[in-house]
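Going letter by letter, the sequence shown gives residues 1 to 453 in the UniProt record's numbering. Beta carbons: idealized from backbone N, C-alpha and C, even for Gly. Fair warning: this is a prediction, and the values are worked out from it, not measured in the lab.
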Amino acid sequence: MARDNKRHGKRAIWLPVPVAVSFFTMLADASGTGFELREQSATSQGASLAGAAAKSDDPSFLYFNSASMAWLPGTQAAVVGSGVFGQLDAQTGSASRTAAVGSSAITGSLGRDAAQDAFVPALHGSVALGERWHLGISVTSPWGLVTKYPADFIGRYHALTSSLRTINITPSVAWRPLPNLAVGAGLQIQYADARLSQAVDLGAVGFLNPALRRAGFRPGVADSRATVTGDDTAFGWQVGAQWRPIIGTQLGAAFRSAIFHNLGGDARFDGVPTAVAAGFASARGQAKLATPESLTLGFSQQIGERWTLLTGAEWTNWSRFRDLVVRFDDGRAPSVTQERWRDSWFLSLGAEYRVNDALVVRSGIAWDQTPVPNGTRTPRIPDTDRYWLSTGASWQPAKGVTFSAAYTHIVADEARVRLRDSGPGTDDFLRGDLTTNYSASVDIVSIQASFAF
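Shown next, in the form of structure tokens:
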């Protein structure tokens with residue numbers, strides 16, 4: 001009997017390998033959710049970001065186009081704070097284990113209100129060095145948000161907690177070679193921190209081992225919680241231009257590069273029974289995370305003395321996510337996962353109305369296309385196409401001081417998750433089949449204070 005336990009103990013060590021592989025892969029998944037945080041300017045958000053690449057009302061437009069500060073005199077600063085209140089509910093769902101362990105139902109809750117509220121701050125500043133040259137800096141959080149499910153979520157073997165936080169520090173410079181033309185460039189210094197967790201069905205792992213099966217291991221009776229963390233600092237760049245061909249017409253274009261992280265991560269397993277502890281020891285590895293490049297276009301057209309029409313488009317190169325390669329420090333074979341993401345567009349239309357010299361009101365709509373194909377959608381962030389409706393205003397109570405506020409309501413198409421356990425030898429093994437239908441909405445409230453000195 002001792003000899004039999006030793007022989008099957010080797011198999012117990014092999015079984016968790018796909019689980020650890022899948023966790024390090026999820027570090028890269030966290031960036032490819034379509035949850036880019038665009039809430040960096042209350043002024044532009046009031047019009048659903050329409051025309052943001054062409055505008056230069058205050059330093060907050062630095063986030064959208066480095067060239068925008070070329071039109072700002074003196075020294076200026078903007079402080080922005082946005083509250084993001086998401087609602088993500090699984091309306092219906094079911095889950096079952098793979099046929100290799102009996103195809104039994106995975107019971108538990110649907111995991112309502114999985115989206116976590118967040119506060120997104122941003123700081124922007126610019127300094128004019130004469131008429132042609134300007135220096136600026138922005139501190140933003142362009143990627144992130146959190147989803148969290150209860151421990152008994154029916155999809156717990158696919159996801160429990162998913163967290164990605166980033167900080168971008170972007171020093172920039174702008175130059176006006178002509179009175180109606182400005183160009184700009186900036187360096188992106190980006191810190192990324194990821195934390196993900198999911199349950200692991202160690203009862204099913206033991207069930208596959210005849211000796212442990214005789215000891216009472218059954219699917220669903222010995223869940224462990226696995227947590228992966230990783231962080232990194234990496235660099236990118238951005239360039240932009242704005243052109244004012246005639247009075248009242250403003251055009252803008254900006255390009256933001258991809259940033260490539262190599263996250264050093266730790267995988268930890270909690271609640272592991274002694275009988276299988278040797279196979280679920282902590283591990284280290286590296287996973288590549290890329291925040292994709294984007295191209296943003298903006299147009300602003302003044303109509304009469306009071307109205308301004310705004311429109312914009314942003315293309316994001318999400319199709320970069322084709323293969324995710326994970327390498328381990330202990331020399332085990334790397335994991336390659338196909339994601340098959342696709343490029344996406346954000347299209348916006350808005351308008352501003354100047355009530356008087358001190359007050360401007362604005363509104364806008366937008367279509368935010370998801371990069372996630374139906375076949376690869378997961379419960380971590382079940383993203384679908386979204387639709388924006390925004391309104392806002394800017395008030396200047398005194399010279400050099402402007403307060404802006406904006407409200408955005410976002411609704412999303414129904415998200416359908418259809419995941420299938422691919423069986424032994426794959427990263428999905430023992431996660432089970434999962435079928436869920438999600439509804440989602442987001443409310444964003446942003447405020448901003450801008451100062452000119």
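Can you look up TRP341 in the DSSP assignment and give me helix, strand or coil?
The sequence position of residue 341 within the sequence shown is 341, counting from 1. Coil at TRP341, not helix or strand.
Of the residues PHE260, GLU131, ALA366, VAL360, which one's Cα is nearest the Cα of GLY350?
Sequence index remark: in the sequence shown, residue 350 carries index 350 (1-based). Closest option to GLY350, Cα to Cα, is ALA366.
By how many angstroms is the C-alpha of ASP428 removed from the C-alpha of SER422?
The count along the sequence shown starts at 1 and reaches residue 422 at position 422. The count along the sequence shown starts at 1 and reaches residue 428 at position 428. Answer to the nearest angstrom: the Cα atoms are 6 Å apart.
Taking all protein chains shown into account, decide if ILE154 is buried (16 or more other Cβ within 10 angstroms of its Cβ) or exposed.
Sequence index remark: in the sequence shown, residue 154 carries index 154 (1-based). With 16 or more other Cβ atoms within 10 Å, it is buried.
Would you mind reading off the limits of the alpha helix (DSSP H) that contains PRO210?
For the purposes of this step, residue 210 is identified with residue 210 of the sequence shown, where counting begins at 1. Segment 210–214, the alpha helix (DSSP H) holding PRO210.
Quick check on TYR149: buried or exposed, where buried means 16 or more other Cβ atoms within 10 Å of its Cβ?
As a position in the sequence shown, residue 149 is number 149, starting the count at 1. It counts as buried.
Does the region 113–133 come into contact with the region 194–207, if we say contact requires no fewer than three beta-carbon pairs (one atom in each stretch) closer than 8 Å?
no
Pairing CB atoms from the region 287–294 with CB atoms from the region 239–247, are three or more of them under 8 Å?
no
What's the call for SER141, buried or exposed, on a 16-neighbour Cβ count within 10 Å?
By one-based count along the sequence shown, residue 141 stands at place 141. SER141 should be labelled buried.
Euclidean distance between Cα positions of ARG354 and PHE64
The residue you call residue 354 lines up with position 354 of the sequence shown. The residue you call residue 64 lines up with position 64 of the sequence shown. Rounded to whole angstroms, ARG354 to PHE64 spans 23 Å at the Cα level.
Going by beta-carbon coordinates alone, are THR436 and ALA90 separated by less than 8 Å?
Indexing the sequence shown from 1 puts residue 436 at position 436. Indexing the sequence shown from 1 puts residue 90 at position 90. In this structure, THR436 places its C-beta atom within 8 Å of the C-beta atom of ALA90.
Output the boundary residues of the alpha helix (DSSP H) element that contains THR249.
Here residue 249 corresponds to residue number 249 of the sequence shown, with the count starting at 1. THR249 -> not in any alpha helix (DSSP H); beta strand (DSSP E) instead, spanning 249–256.
Going by beta carbon distance, what residues of the same chain come within less than 6 Å of PRO382, once the five residues before and after it are set aside?
Counting from one through the sequence shown, the residue named residue 382 turns up at place 382. Exclusion of the five residues before and after PRO382 leaves ALA415, VAL417, TYR438 as the residues of its chain whose Cβ lies within less than 6 Å of its Cβ.
Is DSSP giving VAL205 helix, strand or coil here?
Your numbering for residue 205 matches position 205 in the sequence shown. If DSSP states are grouped into helix, strand and coil, VAL205 belongs with the helices.
Please report the straight-line C-alpha distance between VAL276 and ILE167, rounded to a whole angstrom.
As a working mapping, residue 276 is identified with position 276 in the sequence shown. As a working mapping, residue 167 is identified with position 167 in the sequence shown. Those two C-alpha atoms are separated by around 39 Å.
Cβ-based burial, ALA440 [other Cβ within 10 Å; buried from 16]:
Position 440 of the sequence shown holds residue 440. That one is buried.
Drop a sphere of 10 angstroms on the beta-carbon of ARG306, count the other beta-carbons inside from all chains shown, and report buried for 16 or more, exposed for fewer.
Here residue 306 is taken as the residue at index 306 of the sequence shown, counted from 1. Result: exposed.
Could you tell me how far apart the beta carbons of ALA67 and SER300 are, in whole angstroms, since I believe they sit closer than 8 Å?
The residue you call residue 67 lines up with position 67 of the sequence shown. The residue you call residue 300 lines up with position 300 of the sequence shown. Actually they do not touch by this definition, with Cβ atoms about 14 Å apart.
Would you identify the three-state DSSP class for LEU160, choosing helix, strand or coil?
Taking the sequence shown and counting its residues from 1, one reaches residue 160 at position 160. In the three-state reduction of the DSSP assignment, LEU160 falls in the coil class, being assigned neither a helical nor a strand state.
So, using beta-carbon positions, are ARG320 and ALA258 closer together than 8 Å?
For this step, residue 320 is matched to residue 320 along the sequence shown. For this step, residue 258 is matched to residue 258 along the sequence shown. Yes. Within cutoff.
Enclosing alpha helix (DSSP H) for THR426 [first to last residue]
Counted from its first residue, the sequence shown places residue 426 at position 426. First-last for THR426: undefined, no H or E at that position.
Going by CA-CA distance only, name the one from THR147, GLY230, SER60 that's closest to HIS158.
Here residue 158 refers to the residue found at position 158 of the sequence shown. When only C-alpha atoms are compared, the closest one is THR147.
Based on DSSP bridge pairs, tell me the residues matched to VAL445.
Translated into positions along the sequence shown, residue 445 becomes position 445. Partner(s): GLY83, TYR407.
For GLN396, report the span of its beta strand (DSSP E) as first-last.
In the sequence shown, the residue the question calls residue 396 occupies position 396. Taken as a continuous stretch (DSSP letters only), the beta strand (DSSP E) holding GLN396 covers 386–398.
Cutting at 6 Å between CB atoms, please list the residues of its own chain near THR33, excluding the five before and the five after it.
Start at 1 with the first residue of the sequence shown, and residue 33 comes out as number 33. Any reading at THR33 is ruled out, since the residue's pLDDT is 44, under 50, leaving its predicted position unreliable.
Need the endpoints of the beta strand (DSSP E) that GLN238 sits in, please.
Taking the first residue of the sequence shown as 1, we reach residue 238 at position 238. Segment 223–243, the beta strand (DSSP E) holding GLN238.
Using the Cα positions of ASP232 and GLY285, report the straight-line distance between them to the nearest angstrom.
Here residue 232 refers to the residue found at position 232 of the sequence shown. Here residue 285 refers to the residue found at position 285 of the sequence shown. Distance between the alpha carbons of ASP232 and GLY285: 13 Å.
Closest to VAL173 by CA distance: which of ALA313, SER404, SER103, LEU72 is it?
Numbered from its first residue, the sequence shown carries residue 173 at position 173. VAL173 has its Cα closest to that of LEU72, out of ALA313, SER404, SER103, LEU72.
Where PRO373 sits in the DSSP three-state scheme:
Locating residue 373 in the sequence shown gives position 373, where the first residue counts as 1. PRO373: coil per DSSP, three-state reduction.
Quick check: the Cα distance between ALA393 and GLN87, rounded to an integer number of angstroms?
Residue 393 sits at position 393 when you count from the first residue of the sequence shown. Residue 87 sits at position 87 when you count from the first residue of the sequence shown. The alpha-carbon atoms of ALA393 and GLN87 are separated by roughly 26 Å.
Per DSSP, cross-strand counterpart(s) of ALA90:
By 1-based counting over the sequence shown, the position of residue 90 is 90. Under DSSP, ALA90 takes part in a beta bridge, and its partners are TYR438.
Alpha-carbon to alpha-carbon, ASP113 and SER348
The residue given as residue 348 occupies position 348 in the sequence shown. The residue given as residue 113 occupies position 113 in the sequence shown. Cα-Cα distance, rounded: 28 Å.
Rounded straight-line distance, which links the Cα of GLN40 to that of HIS124
Within the sequence shown, the letter at position 124 stands for residue 124. Within the sequence shown, the letter at position 40 stands for residue 40. The alpha-carbon atoms of HIS124 and GLN40 are separated by roughly 9 Å.
Beta-carbon separation of SER82 and SER446 under 8 Å?
The count along the sequence shown starts at 1 and reaches residue 82 at position 82. The count along the sequence shown starts at 1 and reaches residue 446 at position 446. Yes, Cβ-Cβ distance for SER82 and SER446 is below 8 Å.
Taking all protein chains shown into account, decide if LEU164 is buried (16 or more other Cβ within 10 angstroms of its Cβ) or exposed.
In the sequence shown, the residue the question calls residue 164 occupies position 164. Under this definition LEU164 is a buried residue.
In chain order, which continuous runs of the beta strand (DSSP E) of length 3 or greater are located wholly inside the region 267–297?
Qualifying beta strand (DSSP E) stretches, in chain order: 283–291.
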